[in-house]
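**Q** Note that this note's numbering has the sequence shown beginning at 22, numbered continuously upward.
Even glycine gets a Cβ: it sits at the ideal position worked out from N, Cα and C.
The following block contains the structure, expressed as structure tokens.
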Amino acid sequence: AAGSGTKLEPSRFGSAVPGLSGFALAFTDPAGKRAPDHKIKALGVFPDGNDVRFTLSDDDGKESFSGDGRFVDLGPGAVRREARKQCPKACDLDIPRPAKNQVFVLRGFDFRRPGANQNIRKISITPMPAHGVIRLYYEGGGDAVGFTHPDFGYEARIFYAYIAPTVVSSHT
């Protein structure tokens, strides 16, 4: 996929429940080649109905980018969920604990800065379903007011599902 700001792919999921298995996002120049380094204002890959939504933008959202998302079908018993929160550098999103016959699976993510764009140094999404949280960490830097500044904030949306352990090969 290529575009700017937010890109929707043609319908591809049908009745499948998609789980994110990998992704790649990169700013591109007009010829479609990788562009120089950018500061980031929004970053995300997630299923949206029967589409995939890619989000990658800097301050003005006009730059072109390419994106690739790989998804697997989580099966008909998957329980789709979404958690959302305004966060400082690190935060915990409260989620319901899974039933004994359920396993947490990441379906996608979306991070958005309401203020100025910034460099990104680290992003982590650490599911801790037994504790009822998804721990998020988002760090940047390089500017006077970087991601470690107390005024730094971002909106996080995490898309996930609970599935049967038999669907995940490491749990069978």
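With DSSP run on the structure shown, which of helix, strand or coil describes P150?
**A** Within the sequence shown, the letter at position 129 stands for residue 150. In this structure, P150 counts as helix in the three-state DSSP scheme.
**Q** Using a Cβ-Cβ cut-off of 6 Å (strictly less than) and excluding sequence neighbours within five positions of Y183, which residues of its own chain qualify?
**A** Here residue 183 refers to the residue found at position 162 of the sequence shown. Closer than 6 Å at Cβ, skipping near neighbours: V100, P119 and Q123.
**Q** Tell whether a beta-carbon distance below 8 Å holds between F125 and P148.
**A** Translated into the one-based positions of the sequence shown, residue 125 becomes position 104. Translated into the one-based positions of the sequence shown, residue 148 becomes position 127. For F125 and P148, yes; Cβs fall inside 8 Å.
**Q** By DSSP's criteria, E103 is part of a beta bridge. Which residues make up the other side?
**A** Taking the first residue of the sequence shown as position 1, residue 103 is located at position 82. In the DSSP output, where bridge partners are listed per residue, E103 has F180.
**Q** Got a sec, what are the start and stop residues for the beta strand (DSSP E) A111 sits in?
**A** As a first step, residue 111 is located in the sequence shown; it is residue number 90 there, counting from the start. Its beta strand (DSSP E) spans residues A111 to D115.
**Q** Roughly how many angstroms lie between the CA atoms of L41 and F92, to the nearest whole one?
**A** As a working note, residue 41 is residue 20 in the sequence shown. As a working note, residue 92 is residue 71 in the sequence shown. Between L41 and F92, the C-alpha separation is close to 5 Å.
**Q** I need the straight-line Cα distance from I116 to I179, nearest angstrom please.
**A** Working through the sequence shown from its first residue, we reach residue 116 at position 95. Working through the sequence shown from its first residue, we reach residue 179 at position 158. One C-alpha to the other measures close to 10 Å.
**Q** Using 8 Å for Cβ pairs, my map puts K62 next to R134. What's the rounded Cβ distance?
**A** Translated into positions along the sequence shown, residue 62 becomes position 41. Translated into positions along the sequence shown, residue 134 becomes position 113. Contact flag correct, Cβ pair sits at about 5 Å.
**Q** Check whether the Cβ atoms of Y175 and Y159 lie closer than 8 Å to each other.
**A** By one-based count along the sequence shown, residue 175 stands at place 154. By one-based count along the sequence shown, residue 159 stands at place 138. Going by C-beta atoms, Y175 is nearer than 8 Å to Y159.
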